[in-house]
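Each remark here refers to the structure printed beneath this line.
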Amino acid sequence: MPLVRNRSIVGAQIHCALAHIVDGNWIRRYNPLGVGSAQILRDAYSPFLPPLLGETIFRKEDYRTPMLPQRPLGNTGLTVSLLGYGGAPIGFAAMTPADSFLPLLRQALDLGINFFDTAPDYRDSEALLGEALQGRREQVVLASKCGREQRRTTTGWAAEEDWSETGVRQMIEGSLRRLRTEYLDLVQLHSPPQWALDDGAALRGLQRAQAEGLVRHIGISADGEVAWRALELGSFATLQVSYSILQQEPGVKLIPAAAAQGMGIIVKQPVANGIADLPARPSHPDWASKWDIAQRLDWVRGKAGERRTDLALRWVLTNPLISTAIVGTTDPQHLAANVALATQPPLDDATYQHIEATYYAARWQLNEEGAA
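Taken in order, the sequence shown gives residues 3 to 374; the numbers are from the numbering used here.
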């Protein structure tokens with residue numbers, strides 16, 4: 003059986019099993035992972051990989067094919083991994099030495115993630131990414147934000163907002179220093195109030211930085227009416243939007259409209275903060291309403307033993323209009339499991355549409371009960 007190199011890790015292992023090739027040298031030659039990432043991913047794939055992997059040590063340098071599917075980021079000319087890494091959790095993790103996350107970030111690179119999303123509002127996140135990406139900057143699409151930031155003080159952290167042209171410029175320059183880069187592939191307005199869009203100063207600050215080569219593309223992270231206002235302006239290359247199995251409405255009109263303008267679609271909170279797997283109803287009103295919906299969805303369509311959040315991620319990634327979905331984690335096993343999910347085939351049409359139907363039925367039922 004001929005060996006084809008342009009295959010994912012799963013394809014390569016299946017080929018290997020079919021050919022009855024058990025030589026560890028072959029494994030080392032054709033596996034795309036680094037040593038630590040290989041063992042973690044092996045565990046994530048263990049339910050459906052042959053035992054051929056064993057305890058073999060893998061090297062990435064002999065197999066360059068990306069594991070993750072990639073999609074165009076709208077009309078930017080950039081290509082991004084279907085699964086992106088969100089930098090908020092590493093910035094907000096309490097009681098954890100910051101440098102302990104460097105292996106995690108490098109693991110994300112080794113697993114094929116090339117889109118990294120961070121912000122000055124995520125505390126130490128940018129500085130950690132800047133250190134982790136040393137020597138590998140050209141391998142990634144690096145996105146940050148502006149308008150909101152957190153500054154370290156003598157008593158902790160202070161949250162600030164500045165939507166002025168000068169403020170946006172200062173945040174971009176700060177991001178460049180912390181990320182140790184001469185340019186950013188994407189800078190997004192970070193959940194701006196609508197008045198900031200109408201005022202235009204923040205957008206002018208972004209456009210000036212773009213004209214000077216500090217920023218290659220400008221985007222926005224927004225939901226609801228602010229997102230629609232951004233589409234009306236027509237000045238943004240990307241839209242980062244909340245979209246999940248428990249918040250499906252953006253997929254009906256907003257996401258198709260943005261994609262029709264050539265905008266890259268970046269999904270935040272694709273697993274709805276794991277609400278579906280919570281054992282009890284959360285106290286936060288927004289989380290509670292999503293949890294109520296989750297209890298009424300038909301999750302049987304997922305694979306046996308599959309977590310609800312796993313099915314939720316696969317549902318989002320099935321949407322062909324999505325450029326990338328960003329997930330944030332501080333757990334290497336969780337990261338590898340998400341990558342494993344992202345390499346699976348899309349959900350079939352019947353399953354995808356059934357989940358949509360049960361979602362809107364659940365919303366209607368809850369509204370009726372609330373009105374009673």
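C-beta: ideal position from N, C-alpha, C; glycine also.
Problem - C-alpha distance - residue 212 paired with residue 190, whole-angstrom precision - result: 12 angstroms
Practice task
Quick one: give me the first and last residue of the alpha helix (DSSP H) that residue 293 is part of.
Solution key: For residue 293, the enclosing alpha helix (DSSP H) stretches over residues 287–296.
Handout entry: Three-state secondary structure assigned by DSSP to residue 184
Key = coil
Handout entry: Selection from 70, 235 and 117 that minimises the alpha carbon distance to residue 328
Key = The shortest CA-to-CA distance from residue 328 to any of 70, 235 and 117 is the one to 117.
Problem - With 16 other Cβ atoms within 10 Å as the buried cut-off, status of residue 357 - result: buried
Handout entry: Three-way DSSP call (helix, strand, coil) for residue 345 in this model
Key = coil
Handout entry: Candidates 258, 289, 181 and 367, of which the one nearest residue 325 by Cα
Key = 258
Practice task
With DSSP as the reference, please indicate the residues paired to residue 241 in a beta bridge.
Solution key: Per DSSP, 222 and 267.
Practice task
Count the other CB atoms, across all protein chains shown, that sit within 10 Å of the CB of residue 194; report buried if there are 16 or more and exposed otherwise.
Solution key: buried
Handout entry: Given 8 angstroms, three or more beta-carbon pairs between the segment 246–260 and the segment 202–211
Key = no
Handout entry: Sequence-distant residues of the same chain with beta carbon closer than 7 angstroms to residue 151, five excluded per side
Key = 122, 123, 162 and 173
Handout entry: residue 318: first and last residue of the uninterrupted alpha helix (DSSP H) it sits in
Key = 310–320
Handout entry: Cβ contact check for the segment 328–348 and the segment 80–97: 3 or more pairs under 8 angstroms
Key = Yes, they touch.
Exercise for the section: Below 6 angstroms CB to CB, which residues in the same chain sit around residue 198 once its five sequence neighbours on both sides are set aside? Expected result: 165 and 204
Problem - Of the listed residues 147, 113, 284 and 292, nearest to residue 250 (C-alpha basis) - result: Per the Cα distances, 292.
Practice task
State buried or exposed for residue 286, treating a residue as buried only when at least 16 other CB atoms are found within 10 Å of its CB.
Solution key: Exposed is the call here.
Problem - Contact set for residue 320: own chain, Cβ-Cβ below 8 angstroms, skip 5 residues either direction - result: 348, 349 and 354
Practice task
May I have the straight-line CA-CA distance separating residue 366 from residue 228, to the nearest angstrom?
Solution key: 25 angstroms
Practice task
Pick helix, strand or coil for residue 155, following the three-state DSSP scheme.
Solution key: In this structure, residue 155 counts as strand in the three-state DSSP scheme.
Exercise for the section: Using the Cα positions of residue 279 and residue 309, report the straight-line distance between them to the nearest angstrom. Expected result: Distance from the CA atom of residue 279 to the CA atom of residue 309, rounded to whole angstroms, is 7 angstroms.
Practice task
Decide if residue 272 is buried, meaning its Cβ has at least 16 other Cβ atoms within 10 Å, or exposed.
Solution key: buried
Practice task
Taking residue 247 and residue 290 to be in contact with their CB atoms under 8 angstroms, please state how far apart those CB atoms are, rounded to whole angstroms.
Solution key: Between the beta-carbon of residue 247 and that of residue 290 there is about 17 angstroms, and that puts the pair past the 8 angstroms contact cut.
Handout entry: Whether residue 206 touches residue 167 by CB criterion (8 angstroms)
Key = yes
Handout entry: Spatial distance of residue 143 from residue 223 (CA atoms)
Key = 16 angstroms
Problem - Spatial distance of residue 78 from residue 176 (CA atoms) - result: 24 angstroms
Exercise for the section: Using three-state DSSP, classify residue 31 as helix, strand or coil. Expected result: Low confidence applies to residue 31: its pLDDT is 31, below 50, so where it sits in the model is not reliable, and the reading given next is rough at best. The answer is helix: DSSP assigns residue 31 an H, G or I state.
Problem - Beta-carbon proximity check, residue 266 vs residue 76, cutoff 8 angstroms - result: A contact, by the Cβ cut-off of 8 angstroms.
Practice task
Kindly indicate the opening and closing residues of the beta strand (DSSP E) around residue 73.
Solution key: 72–74
Exercise for the section: Please report the residue range of the beta strand (DSSP E) in which residue 327 lies. Expected result: 326–329
Exercise for the section: Just tell me which of 318, 314 and 107 has its CA closest to the CA of residue 333. Expected result: 107
Handout entry: Close Cβ partners of residue 360 (< 6 angstroms) along its chain, the five nearest in sequence each way excluded
Key = Counting only Cβ-Cβ distances below 6 angstroms, and skipping sequence neighbours, we find 299 and 300.
Practice task
Name the residue from 270, 140, 153 and 136 whose alpha carbon lies nearest to the alpha carbon of residue 93.
Solution key: Of all alpha-carbon atoms in 270, 140, 153 and 136, the one lying nearest the alpha-carbon of residue 93 is that of 153.
Practice task
Evaluate residue 338 with the Cβ neighbour count: other Cβ atoms within 10 Å of its Cβ, from every protein chain shown; 16 or more gives buried, anything less gives exposed.
Solution key: buried
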